[in-house]
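In terms of the numbering used here, the first sequence opens at residue 65 and continues consecutively.
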Amino acid sequence: MKKLDELKEWRRTHYSVEITPELDGKRVTVFGWLASIREQGGITFLILHDKEGVVQITMHKDKISRSVLEKAKSLREHSSIGVRGIVKSIDKAPHGAEIIPEEIRILGIVQRQPPFTLFGGKMASIDKRLDIRVVDLRRPKAQAIFRIRHTVLTAIREFFIKRGYMEVSTPKIIATATEGGAALFPILYYDKEAFLAQSPQLYKEQLVIPFEKVFEIGPIFRAEESRTLRHLSEVVSIDVEEAFVSYEDIMKLIEQMIYHTVKKVRGRCSSETELLRHELPVPKVPFKNFTYRDVLEILEKEGITLSWGDDLSTQSLKILGKTMPEFYFITDWPTFMKPFYIKPKGDKQDISESFDFMHGAIELASGGSRVSSKRLLVKRLKEQGLEPKLFRYHLRIFDYGMPPHAGFGLGLERLMMVLTGQENIREVTIFPRDQSRLTP
RNA sequence: GCCUCGGUGGUGUAGUCCGGUCUAGCAUAGGACGCUGUCACCGUCCUGACUCGGGUUCAAAUCCCGACCGAGGCGCCA
Numbered sequence: 065m066k067k068l069d070e071l072k073e074w075r076r077t078h079y080s081v082e083i084t085p086e087l088d089g090k091r092v093t094v095f096g097w098l099a100s101i102r103e104q105g106g107i108t109f110l111i112l113h114d115k116e117g118v119v120q121i122t123m124h125k126d127k128i129s130r131s132v133l134e135k136a137k138s139l140r141e142h143s144s145i146g147v148r149g150i151v152k153s154i155d156k157a158p159h160g161a162e163i164i165p166e167e168i169r170i171l172g173i174v175q176r177q178p179p180f181t182l183f184g185g186k187m188a189s190i191d192k193r194l195d196i197r198v199v200d201l202r203r204p205k206a207q208a209i210f211r212i213r214h215t216v217l218t219a220i221r222e223f224f225i226k227r228g229y230m231e232v233s234t235p236k237i238i239a240t241a242t243e244g245g246a247a248l249f250p251i252l253y254y255d256k257e258a259f260l261a262q263s264p265q266l267y268k269e270q271l272v273i274p275f276e277k278v279f280e281i282g283p284i285f286r287a288e289e290s291r292t293l294r295h296l297s298e299v300v301s302i303d304v305e306e307a308f309v310s311y312e313d314i315m316k317l318i319e320q321m322i323y324h325t326v327k328k329v330r331g332r333c334s335s336e337t338e339l340l341r342h343e344l345p346v347p348k349v350p351f352k353n354f355t356y357r358d359v360l361e362i363l364e365k366e367g368i369t370l371s372w373g374d375d376l377s378t379q380s381l382k383i384l385g386k387t388m389p390e391f392y393f394i395t396d397w398p399t400f401m402k403p404f405y406i407k408p409k410g411d412k413q414d415i416s417e418s419f420d421f422m423h424g425a426i427e428l429a430s431g432g433s434r435v436s437s438k439r440l441l442v443k444r445l446k447e448q449g450l451e452p453k454l455f456r457y458h459l460r461i462f463d464y465g466m467p468p469h470a471g472f473g474l475g476l477e478r479l480m481m482v483l484t485g486q487e488n489i490r491e492v493t494i495f496p497r498d499q500s501r502l503t504p
């Protein structure tokens with residue numbers, strides 16, 4: 065057993081990337097994890113990485129105390145250490161500067177052979193990586209993905225707050241199905257049956273009464289038996305609802321939100337997108353807009369015949385994605401294909417004021433104008449085979465001046481797949497949940 | 001949920017069709033040594049694996065059955 069050192073009075077003076085030639089001769093303290101150790105004759109090089117990047121620690125056999133050198137050589141990749149030493153400006157070092165250590169403290173040792181190395185080498189399968197996910201997240205590419213995610217969330221919050229939307233939180237433990245459709249996870253709520261929310265839909269609609277413009281960024285849960293690269297049982301949904309607007313206004317809002325977000329990612333995360341080798345062009349606005357009927361015609365030309373009312377199969381979405389590898393909307397879906405709260409068009413009741421927001425073959429968001437008349441809502445519930453009684457707590461709000469309103473729900477992970485070029489939604493989720501994975 | 005495919009050292013793979021040549025190859029990792037400017041360092045040597053259970057056979061990593069685990073596609077779903 066190797067002995068661990070105590071942190072004691074040591075505190076970080078610099079992050080790895082802050083070790084620059086200008087600090088030449090200064091004493092610094094850095095903390096991090098060992099990314100690699102290389103011996104070159106009488107010189108030993110350690111690469112230390114922290115959350116910001118890497119720095120090189122260099123030890124000449126004759127110029128360093130024996131105990132420091134022995135300690136360094138005993139280390140294995142992934143060990144967590146602290147290093148106190150003198151910065152030396154030198155061209156041959158990776159960023160023009162390195163640290164000559166005076167003392168090394170071993171703070172966390174590596175007991176087992178990790179299933180992968182941080183830099184280079186073959187990647188282990190996603191299953192093995194997810195088993196020790198936080199170690200996997202040290203990989204530079206994973207770091208890049210989640211830095212981008214952080215930037216995306218920040219940009220989206222900035223965007224809505226600046227435009228006067230209020231951030232809200234709604235219950236994730238609910239009494240009844242919100243919209244029918246997706247399967248819910250039942251849970252035991254004291255002595256009652258309850259469910260995990262599949263969407264904040266009904267709550268956010270109600271919240272336009274006091275707040276007019278709201279958004280929520282929070283988890284939603286779906287108990288679908290979906291075994292694909294783009295479905296999870298728990299995802300983060302970005303939900304917006306606004307009073308006195310229609311679905312066309314909401315589509316415009318999405319367009320601006322995406323434009324703003326991509327601009328921010330490009331501005332703040334250029335090194336991350338470069339590392340991921342993923343081109344992220346500024347999206348061309350306005351986004352293209354096809355009706356459901358247009359899409360059927362496009363698919364017809366591609367040799368796929370669908371009848372009005374057919375869902376777009378995975379195959380047809382893939383073909384659509386090839387012809388349109390960009391952001392676009394599919395609007396005016398048949399009313400019966402959409403949830404009960406989606407508003408039918410005034411003159412054509414069989415078509416709805418609805419849209420799906422797409423990128424290539426992947427559906428990112430759906431939204432629409434909402435039904436604001438209680439009578440119509442009850443009619444729509446019945447048409448969809450739902451029991452209005454179960455929705456009485458929702459319906460009675462409509463007796464107290466429910467304004468016309470519209471909104472959308474967007475899957476954050478799917479947006480992240482598009483922004484980072486990942487094919488598996490698990491890569492953009494810190495601790496993914498699917499039908500076979502409940503841990504870690 | 002359905003269909004298809006797979007499970008070989010810590011990790012990624014070759015070998016499986018067509019049983020014997022497998023004492024299981026390669027890379028990476030781990031250990032030892034050498035190398036005074038590496039940066040996926042390099043060189044030499046070493047360590048380490050056929051998912052589990054049953055069956056067929058003179059002989060099974062290889063063929064058959066079952067279990068467990070995983071991957072992809074479709075459907076469901078947003």
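The beta-carbon is built from N, C-alpha and C at its ideal position, and this holds for glycine as well.
None of these values were measured; they are calculated from a predicted model.
- Secondary structure at Y79: coil, using DSSP grouped into helix, strand and coil.
- DSSP, reduced to helix, strand and coil, places R357 within a helical segment of the structure shown.
- Under the three-state reduction of DSSP, K277 is assigned to strand.
- In the three-state DSSP reduction, R434 falls in the strand class (E or B).
- For Q104, the closest alpha carbon among the candidates E276, I394, V119 and M123 is that of M123.
- Along the segment 364 to 451, the alpha helix (DSSP H) occurs as fully enclosed runs of 4 or more residues at 378 to 387 and 438 to 447, listed in sequence order.
- With respect to the C-alpha of A157, the residue from I107, F419 and G449 having the closest C-alpha is I107.
- Secondary structure at A307: strand, using DSSP grouped into helix, strand and coil.
- In the structure shown, H113 adopts extended strand secondary structure according to DSSP, grouped into three states.
- Q499 is bridged by DSSP to nothing; it lacks a bridge partner.
- Excluding sequence positions up to five before and after T77, its CB lies within less than 6 Å of the CB of V92 and T93, all in the same chain and listed in chain order.
- Under DSSP, the beta-bridge partners assigned to R102 are F109.
- DSSP places R227 in the coil class of the three-state scheme, outside both helix and strand.
- For a cut-off of 8 Å, the C-beta gap from V278 to M315 is around 18 Å, too long to register as a contact.
- Within the same chain, Cβ atoms closer than 7 Å to the Cβ of H342 are found at T484 and G485, the five residues on either side in sequence being excluded.
- For V482, the enclosing alpha helix (DSSP H) stretches over residues L476 to T484.
- Per DSSP, reduced to three states, the secondary structure at T84 is coil, with no helix or strand assignment.
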